[in-house]
Every structure is written in structure tokens, then in C-alpha cells.
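Enquirer:
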Amino acid sequence: MLPRASLRAIRPSTSSLRLTSTRHALPSASHSVRNYAASRKPPPPPPAGRASNKPPPAQPYPGASGSSKQTSPGTSIPKDQGAKAQDGAKMGAVVGAGTAGQRPMPSAANAQNAAEDAAQKTDGGLGGDRKPQEPAAQKADADEPVPGSIRDAAQEKQAEAENITPPPEPPSGAPEEPMHTGPLPDLRQGLPSTFDFEFGGKGLKKDSATASEAADGTDMTASASDQGSRERREREEREYQQSDYETSLDRSRARMANIMYAVLLSGFASTLIYTSRPFPSNAEIPTGLAPEDAEGWSPTSMYRRIRARFGNQVGYYTEPTFPKLLPEVPEAQRPPFTLVLSLEDLLIHSSWDRTNGYKVAKRPGIDYFIRYLSQYYELVLFTSVPLAIADPVIKKLDPYHFILWPLGREATKYEGGEYIKDLSYLNRDLKKTLIIDTHAPHVKNQPENAIVLPKWSGSPRDEHAKDLVSLIPFLEYVATMGIEDVRPVLKSFEGQDIATEFIRRESVAREEFQKQLAEQKKRSPKFGIGSLGSALGMKGSGGMGGGLVLADGQSVGEGLAQGKMMSDMIREQGQKQYEHLEKQIREHGEQWLKEEEEEQRKLMEGQMKEMKKGALSWFGGGGGGRKAQQTIMASNTSYDVEKNQGYAVQATSDHDNSYSGSEKKRTGSLVGEDGAVPGEAFEIGTGLRAKLMRFARRYGVEARGIERVPEDERTDCGFKALLNVATMWLSANMVVSSFALALLAKSLFYLGVADACLVILFFNILGLMPVCIFSTFGPVFGLRQMVLSRFWFGWYGVKLVAVFNVLACIGWSSVNSIAAAELLHAVNNDVPGYAGILIVAFCTLFITMFGYKIVHAYEFYSWIPATFVFLVILGVFAHSGAYRDMEWGYGTSEMGGIFSFGATIFGFAIGWSSYAADYTVYQPASQSKAKVFGWTFLGLIVPLLFTQLLGVAVMSATSINGGDNRYQRGYEEAGNGGLLGAVLIPATGNFGRFCLVLLSLTTIANNCPNIYSVSLTVQVFGRWIQAVPRFLWTLVATGAYIGIAIPGYSYFETVLENFMNFIGYWLSIYSTIALLEHFIFKRGFKGYAPELYDQPSRLPVGCAAVFAFCCGVVGMVAGMSQTWWVGWIALHAGEAPYGGDVGWEMAAVLAAAGYLLTRPFELKYFGR
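Take 1 as the starting number for the sequence shown in full-length UniProt numbering and just add one per residue.
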């Protein structure tokens, strides 16, 4: 690379070019100059004493008045030095005075010029005698001026004019006049671009004086080199802008940043629109959203829906873990009243000091309080600390589990910086629920149900140490006297100490009772105590007496006759039961604790054994882990999730055996008799898998894997369900990979337009039949396609099929990603192939992670932009007139091309058959099979024919001019993306590029079914793999096809052809075996027992299917035609050396023969 100085030396001066053009524009002035030079007399000899005729060094000028031009560092040239446009070029004199702010020529030079003009006029002016012209070399400054010539005289006069007296030195102390150099470049931002300085680019800021001089005249005393120097100096004296510091990389980054901002903005807008969409009629409306706001598109309703949806996400951190914290236990099996107790500063007090560290003090009388009231209340411990921290304290505080339900911070509601204990989440009637706490904000949501006590300091001598125990009489009365609603009762004690006030009211009632009893004895044996509750400020359920007998056999009537109040008799009975309970604990307590510890030890050992059976059993399921899970659910110390509720369950000690038994029954009913598993079952347990499932469910991620879908969860109903099926396949096939497939007709198989179109029509219809048939299986059975395959291949044989299906799904995704990457690369060559692949992969991952509903929702709309782009391509290409009608071929070569191209088309069409039922499992069993078949066929055939026929037509343009055209060049440079770019970009420019980017992103719709289904296919390999959540397998599959697509990007054509043929080969075998079993041996849908889908011993053995599959592989090998292998039958299906590909036909024929021969024997000897 030449240095910049060399570039300046070998390139013509832009200043000279500009000056030349100016001279051409002013011929009269040029003529005058030449006449003036010719008539010029030799100058007189230099005056005596002159040292030299060379110009002395230039003296600095004083600062110019007015604004000064910005200069580069180290310069002090006045801004307005030079000629102005209005000055002009005068004959016989140089410009004498400038405009305001311009420094005039020196007076000596002006006088000399005036004398020369007068002498010229005296000699006859321009018309006088002319002297011989100077040589051309002298005019061009190629040699030194001749002594006595005009040039020599001009130099001497100029030297005298410039040899002025320097200005006087300023007096000492006077301020120095500032140099007008202008600001320096800001080198902190980088070096300014020098391109404009070197090449005279358009970014230069010209001075108005320079522009005027170039337009009207020039300075006669300045040579061409002086002009060039001045103009270079002026270029260097420019004002630096921010853009001068930018490199091409900076500008590229700025463009990419703008694109990113636009994408983020559009994504944000799309998110707002999506989250503001109306709720479906069968969807659960978030709490706090009015029903009228769930529908409609008014701005208010949209804003409220957005707030409700985002509120649900925030609710993960602010709302309780479950909407119902306690299980549904019938009142006949539990006490009717619920008492909620706080832990900190009520039952215990914790403190810390340097000597002992943390200490926990137990409140005096707490054992008596808990054990006594456990006979009247369902006790709940509700603490604001995490349950994992509180558990050790609770075990020591209540080792015999009189407290039925411990709840921690996970069950609280976070509001305004406080953890709120919201009783509405308890799943209990608030009319019969009380809570005792020491912190009023904890109970602010239900203050009418709360008793707030002062905090206990931890000291036995604290004046509030007995406040809790003193509440026992009041709480006992509330639970035993038939109170219908505790809230009015607590309201009557508002502002008073409940224990003290209750004793006062009870003493008043007792006095009243004694009076009534005395009067009754005097008047009549008839007695009523209806006024007792009124005296206490409470309302009971009715009068008591007569033949009423208490639980211990004591007659109420007798007790009243003895002067005992009802509360007294109930208290005596409660005391007796408490003493009996204490006796049992003293006699058997240690034994109970040892038995419980032994049960827990055995449970843990069993869990460890089951977890070690599978490499991934630690996820909480699979294989033996399933048995361990059942053991956990049956344990008295387990936590579980109730069916259809989603709350934590803890069955405790012996007195709770009734709850444990009912829980076992409910847990057993999670898997129905038909083998269907409800969605809530996936969240059972405390293992990592259950936690992941619960976390995923909060964000709408589908937890279900290959388990059968219950009928009550099949909500994809009505005409919308049929549209979902049609748009699912419409979007998945209205993609660039389908278009790219048709290009192979000419590029690889050398077919004409008409024969290629006929192949596309026939082989598409043939390949779509199995897909449409298998789609009808989903609503009937509620099973995934690979699970249905167990009824054809058996429990173990289906694993072979699953291997091929995993390879197919990952291969499809790789091919689609490569096609999209080619499009992006065609739009912008700076975008590498791997970047396009990663964009498609991560977008696909985001959609498929959420599962069935989100995949259908995306596919419902994604066909619209794809169809729009293909219509644009059709219109632009039709208008271009580039279509060429390529003639049919003939002979064996044509036959081989038809068979091979047909195999490719067939492989694309039948490629969906291995997971067709995956996208109809949520439709009810009552759905019409004919409608499912028809809408599936419609959704498949329309996009396939449209895109592939369009591809054949566009590819015909590559034959123009013998292949020397932009279409062929685009195809050779960037594949199908380059071909589409050659169609769109020359005609539509940036809009065409936008269409290509949009078209590349439509491949996401084709990848979504592949990645969603591969995560289901993997789960049929074994129970231990099934234990891994579906969405985790989605991540694994995404990484796998990225690893295949990036290396295969440069070999797309070969990869596409080989892969399509491979798909057609094995799926023809699979479909043949499945359809034969369905129609011949099972005689339709009635021959299935879907509840046996996960019972290996009752499924077909699979020997016949595996044997038939092997026969199909033999036919495939004999009929395939690939670059690396050509079967002996394929050689006869076309012209050597490649023949024609009849691999899928031979595979289907031999597989059918093998299955029909061996399946009857399998049924005879195995019976299944």
C-alpha cells in the first residue's frame, strides 16, 4: 500500500483541476492576461544595496478583523486572506483592497503596481509593440525565470511588496493577542478521517472566499503550487464533526444498534398487544379482573388485561404458594372450628447473645394450650419465617403433631413490605376461623377474625406470659356453644382484654343463672337458659337441657339441677379428656416417637434405593422412583399435592389416620382407570422434578409429556379446533424450505416445468394420506403418535422407531435453519450462516418450551406473513417475464429423475406422519374423524402445492441465456436465498430485503412441530427418561440440531436431498406397518385398548413389526439412489450410473410382505 505522500505525488492536484476549469470558463480574462504579459517591458535593474532578488521569508501578519477561520494546530493564517469574488481581476493592477475584515495588500506593492500600469499605458497599452513570447517551459514554471523577463520582474516586485516592516513589539505588561488557531481535534474520540483531505471528498467545508475566487478570478501573483498549498491548508482548517471520527465499523455498529432498537421496540409493542388480548371463554380469569374487562378491545379493558396478566407473574413472588393452603376435609372428619396460631413471640421467643448464640424460649403453658384445644379446634401454625427454618422448632415444640397443618412464609401474601397471613387462602369458612397473632399488620386482611396479643419477651416473669393460656375459657366457649359466626363475637370484645372481659361476663351470667335457678325451684321444674348467652353478649344455637347427654355420659339436666352452667359441664368434660390424653402420652409417647423415627428411616432408605435405579431418578419419578413417590404419598409425614386443588397436605400422628386413609384414596385416583393422568399429578411430591413442574406451571409451560390426556382436559373443541389443525399444517409448510425443495427438480434432477409439477402433485397427495389418517387418532385416544406406535411395534420395538423419529425431527430442524440462514445471508453478506441458524433456533425454543397451546397459537397466525411474501414473489416474478417453459425430458434419464425427485417430494410430505397425532390430543373423543382428516389435508396440500409450484417456476429463470443470468448467479452464490434475492431485490430494493428477512423467520413455524414432538419422542425410551420434564428435552434437542446445522450450512443442497430421501425411506416402512395393523388386524379403532399404553406385558410383542421393518430396510437398500450408494434395483429405474430412486416404494412393499406373513403367527403364539 502506497503511503499517503506517494498518493499525493502521483495524483493530479484537485486545485489545479479547479483552476483549469475556471480558466476555461473565462476566456476573455485569459486573453487579457496573455496580452499583458506579451507587452510587458523588462523591469529596471534592482536598486543599489539590494541584497538579493529572492523573496525574503514571509513575515507574520497581524490578526485579521472579524471572525477567523478555524485552523489546524500550529497555524495562524487569517481566515479571510485571499481574493474575494467581488474584487475581480483587473488589468494592470492586483486587487488592492478587500471587503470588511480582509487585510489589504501592502501599500508599497500597490504603489509599484500603479506605476507599472501607468508605464504600460504610456507604452501604448495592450496594443503596443509586442516582444517575443517566452518559451512554453518558462510559462509552465519548468525552469528558472530569464533575467529581465516579465516573470523575473513580477517576482522582484512581489518580494518588495512582502518585505514590509514588522509591527512594533507590544509594550511590556500588555495582554498578548490570542492566536486564531481554532480548537484542536478531540483525539480522545479517535483520529479524524483523512480521506477528505487526501482525495477532496464531498465532506469538505469550503470557505466562501475560495469559492468566489474560483468562480470570478484568481490572484495573478500566486502560482499553481501556491494555489494548491492554500487549498490544502484550507482543507486542513476545517471544523471537525462527530462523524469525522467514525470508522466504517462504527457506522456498521450504529446501523445494527438501530436495527436492534427497532426490533426491541416492535417486540415490546407486540408483547403489549399479545398480553392485552381477550381471554378465551373457557380460560381462567385472573383474580381482580372484572368479567366485562376479559373481553373487548377498548383501551381500558386492554390496560386492565395487561395489568392482570403481568400481575399473575408478579404474584409468583407475592402470592401464597397455592390458592388453597389446606385440603378439603369433610367437617364430619375434623373439628368444625379452625384456630390459627402464630409462632414467633407467641408460642416461642428467640434471642441471640455473644455467649450462647441463638436461644429459643418456649412459652409457659404452651403444651397445655395446644393439647387442650386440639379437641375443639383444627390447629394451624402459621409463621412468617420460611418453613424450612421453622420445621426444627415445630418438631420440638409439638413432637406429637397436635398441630395439623404447619404453614410458613411460602403461604403468606407479601404486601407493602409485610408478610400477610391471609385467611382467605386457608380453604376454610371464615365464620368459624380465628387467628391469634402478635403483629397487627400480619392480620390486616381479616382483622375481624383476629386476636392480637402483646409480644412475649421470652421471660417467665413477663406480665404477658399467661395471656395465651388465659384465652382457653373463651376459645372453649366459642367452640362448644354453637356459635355460628365468630366475627360478631370478637367485635363485641373490641377494645377490651378478651380474657378479663370474658371472666367478667361469665360471672354476671353465673349470678343470673343462680337467680333463675332459685326462682325455678320455687315456681316450676321447667327451666330455660336461653338468657345465658345474652348475658355473655353471645348468641347460642338454642336452649339445652332435658334429655341432652354429654360425651362422658353426664346428663345436662342433672348438671343444671346441681347448679352447674353448661360451660362448667363442658369444661369438666374437656379436662377429663385432656388428663386421659396426657396419660397416654406418658405411657406410650416414647414408643410413638420411636415408631415414627423408624418409619422415616425406612422411607428414606427406600427412596435412596429407588433413586439409584436410574441415572435421572433424582428428578422425582421414573422407574422405581414411581413406587417411592407412592410411598411418600402414603406416609404420615409426607407433603403432597391434592388432586384438582394444588395444595400442600401433611398427614400426621395417629389421631389423623382418617385423613391419611382418605388421602391414599384420592392419590390413587390421580391415574384414572383409562390410564389418563390429570395435569395436577405432575406436581406431586417434593423432588426436583415436582418443583420444576410447579415452577413451569406458573408461567404457562405445559408439564404433560406422553401421558394420556383425560377427557375433561380436552378443551380444544368446536370449529376453532378444526381451524387449529388446518393452520397448524398451513403455517408449518408455507415456508422457504418447501420452496427450496422444488428447486431440486432442475438443479439436481434436470426435469422440465410440466413434469416437475405433475410429480409434485402426485407424490404430495400420496405422502399426505398417512399424515391425515394418523391425525384422527389423537382425539380418539388422547395419546401421542409415538405412544400410539406401541400398539403396532410393541413396548420395545417402538424404541427403534423412536430413534429414527428423533433423527428425523432434528434433521428437519437443521435443514430449515440452513434455509433460513441462506436467506439472511442473501440479504446481508455480513450476516454469517451460523448467526441465522442461531436466530431461528432460539425463536423456536422460546415457543416450543411452552408446549401445545402456544405452538398452536403461534401457528394460527404465522402463515399470514409467509403467504404475503410468497404472493409478492409471485407478483414480482410474473411481472419480470423471466419464466421459461423448459421442455419435458424423455427416456430412462427422465424416468430416473422423476423417481428421484418424487422420492424427495414424498419424503417431505410424509415427514409429518410420525407426530401427526401430537397436535390433536387435546380434542375431545367426540370430534368428527372425517372433519379432522379433511381439515388436515386442506392445511397440508395448499401450502405444499403453492410453494413448490412457485419454486419450479422461479427456478426456470436460471435457464435464461444459457445460465448466464442473475438468477443462476444468485442461486450459485447463496442457494435458494440468492435466487429469491435475484427476484425481489432488483425490482423492490429494500422492501425485497425486508421480505427475505420475513421469509427466513417463517421457518420457525416449520421447526416448532419438530422440536415439540422430539421432546415427546425421547420420553418413550424409558420411564427414567419420561421422568425428565418435556421442556428440558426441548433444550437438548435445540442444542443438537444447532450442532448439525452450522457445519452443514455449506453443503445445503446435498444435505437436503439425502435427508429427504432418508425421511421417505423409513416413514414409508413405519406407515405401512401401522396402517396394516390398524385396518387388517385391529379392524379399526375398536380393536384398541388405550388404557394399556404403559403396560408392556399387555402390548403387542413387536416381533412381527421389527421383522417387517428389517425387510423394509432391505428394500430401501435395493431401491435407493444416492451419491454414496446406488441399489441394484435403482440402477434399472433410470440411466446409469445413478438410475432412479425407488427406495421408499421397495421399502413399503417388502415391509408389507414381511408383516403380513409374520403378524398372524405372533397373534397365534402370544395372543397380543
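Glycine residues also receive a C-beta, built at the ideal position from the N, C-alpha and C atoms.
Gly-1139 and Gln-923 - do their beta-carbons sit closer together than 8 Å?
Expert: Taking 8 Å as the Cβ cut-off, Gln-923 and Gly-1139 do not qualify as a contacting pair.
Enquirer: Can Ala-361 and Ile-370 be called in contact, C-beta distance under 8 Å?
Expert: No. Outside cutoff.
Enquirer: Once the 5 residues before and after Ala-721 are set aside, which same chain residues still bring their CB inside 6 Å of it?
Expert: If we look at Ala-721 and ignore the five residues flanking it on each side, its Cβ neighbours are Gln-923.
Enquirer: Between Arg-428 and Leu-326, is the Cβ-Cβ spacing less than 8 Å?
Expert: Taking 8 Å as the Cβ cut-off, Arg-428 and Leu-326 qualify as a contacting pair.
Enquirer: With DSSP run on the structure shown, which of helix, strand or coil describes Leu-339?
Expert: Strand, per DSSP.
Enquirer: State the DSSP-derived secondary structure class of His-442, mapped to helix, strand or coil.
Expert: Note: His-442 maps to helix in three-state DSSP.
Enquirer: Give me the Cα-Cα distance between His-31 and Gly-981, rounded to the nearest whole angstrom.
Expert: Below a pLDDT of 50, predicted positions are generally treated as unreliable, and His-31, at 40, falls in that range; no measurement from the model is reported.
Enquirer: Under 8 Å, do Cys-809 and Ala-1037 count as touching if we go by C-beta distance?
Expert: Contact: yes.
Enquirer: What are the complete alpha helix (DSSP H) segments, minimum 4 residues, inside the region 266-330?
Expert: Counting whole runs of 4 or more residues, the region 266-330 contains the alpha helix (DSSP H) stretches 299-318.
Enquirer: Can you give the Cα-Cα distance for residue 1169 and Ala-257, rounded to whole angstroms?
Expert: The structure shown has nothing for residue 1169, since the chain only spans 1 to 1168.
Enquirer: What residue range is occupied by the uninterrupted alpha helix (DSSP H) comprising His-349?
Expert: First-last for His-349: 348-353, but that is the beta strand (DSSP E), not the alpha helix (DSSP H).
Enquirer: When you compare each of Leu-381, Asp-391, Ile-420 to Phe-402 by their alpha carbons, which one comes out closest?
Expert: Of the listed residues, the one whose Cα sits closest to Phe-402 is Leu-381.
Enquirer: When the Cα atoms are used, what is the spatial distance from Asn-1010 to Trp-1033?
Expert: Taking the straight line from one Cα to the other gives about 12 Å.
Enquirer: Could you check what DSSP says for Lys-1082 in three-state terms: helix, strand or coil?
Expert: Coil at Lys-1082, not helix or strand.
Enquirer: What are the residues that DSSP puts in a beta bridge with Ser-1071?
Expert: DSSP lists no partner for Ser-1071.
Enquirer: In this structure, does DSSP put Pro-406 in helix, strand or coil?
Expert: In the structure shown, Pro-406 sits in a strand (DSSP, three-state: E or B).
Enquirer: Could you give the distance in angstroms between the alpha-carbon of Ile-837 and the alpha-carbon of Gly-875?
Expert: Going by the C-alpha atoms only, they are around 29 Å apart.
Enquirer: Helix, strand or coil for Ile-684? Go by DSSP, reduced to three states.
Expert: Looking at Ile-684 - three-state DSSP - the assignment turns out to be coil, as it is neither helix nor strand.
Enquirer: For Leu-1099, does the three-state DSSP call read helix, strand or coil?
Expert: Three-state DSSP puts Leu-1099 in coil, outside helix and strand.
Enquirer: So Phe-368 is in the alpha helix (DSSP H); what residue range does that whole segment cover?
Expert: Contrary to the premise, residue 368 reads as Tyr rather than Phe in this sequence. Counting along the chain, the alpha helix (DSSP H) containing Tyr-368 begins and ends at 366-373.
Enquirer: Measuring straight from C-alpha to C-alpha, what distance separates Ile-1129 and Gln-1122?
Expert: For Ile-1129 and Gln-1122, the distance between alpha carbons rounds to 13 Å.
Enquirer: Among Pro-460, Gln-446, Ser-459, Leu-471, which has the Cα closest to the Cα of Leu-453?
Expert: If we check each option's Cα against that of Leu-453, Leu-471 comes out closest.
Enquirer: Would you be able to state if there are at least three C-beta pairs under 8 Å between the region 961-973 and the region 695-713?
Expert: Segments in contact, no.
Enquirer: For Leu-426, which option in Leu-379, His-879, Ser-252, Glu-511 has the closest C-alpha, if you only look at C-alpha atoms?
Expert: Checked all of Leu-379, His-879, Ser-252, Glu-511; the closest Cα to Leu-426 is Leu-379.
Enquirer: Say whether the region 931-943 touches the region 782-796, bearing in mind that this needs 3 or more beta-carbon pairs closer than 8 Å, one atom from each stretch.
Expert: With a cut-off of 8 Å, the region 782-796 and the region 931-943 do not count as touching, because too few Cβ pairs lie within range.
Enquirer: Which residue from Glu-713, Val-753, Phe-991, Tyr-699 puts its Cα closest to that of Phe-1031?
Expert: The candidate whose alpha carbon is nearest that of Phe-1031 is Tyr-699.
Enquirer: Sort Ser-1071, Gln-1095, Ala-1136 by Cα distance to Ala-1105 and report the nearest one.
Expert: It is Ser-1071 whose Cα lies nearest to the Cα of Ala-1105.
Enquirer: Rounded to the nearest angstrom, how far is the Cβ of Val-827 from that of Leu-996, given a contact under 8 Å?
Expert: Their Cβ separation, rounded to whole angstroms, is 5 Å, which keeps Val-827 and Leu-996 in contact under 8 Å.
Enquirer: Going by C-alpha to C-alpha distance, which of Pro-1100, Phe-1107, Gln-1095 sits closest to Gly-1087?
Expert: Measuring from the Cα of Gly-1087, the nearest candidate turns out to be Pro-1100.
Enquirer: Val-1028 to Arg-689, Cα distance in whole Å?
Expert: Roughly 7 Å between the two C-alpha positions.
Enquirer: Would you call the region 586-605 and the region 495-506 in contact, with 3 or more CB pairs under 8 Å?
Expert: No: the two stretches stay apart, fewer than three of their Cβ pairs being nearer than 8 Å.
Enquirer: Among Asp-485, Glu-484, Phe-502, Gly-563, which has the Cα closest to the Cα of Gln-517?
Expert: In the sequence on display, residue 517 carries Leu and not Gln. The residue with the shortest Cα to Cα distance from Leu-517 is Gly-563.
Enquirer: Using only the alpha-carbon positions, how far apart do Gly-1154 and Val-798 sit?
Expert: For Gly-1154 and Val-798, the distance between alpha carbons rounds to 17 Å.
Enquirer: Going by beta carbon distance, what residues of the same chain come within less than 8 Å of Tyr-578, once the five residues before and after it are set aside?
Expert: Taken in chain order, the residues that qualify are Tyr-368, Arg-371, Tyr-372, Gln-375.
Enquirer: Are the Cβ atoms of Gly-782 and Arg-884 separated by less than 8 Å?
Expert: Result no, Cβ atoms of Gly-782 and Arg-884 do not sit closer than 8 Å.
Enquirer: Span of the beta strand (DSSP E) holding Phe-382?
Expert: Residues 377-382.
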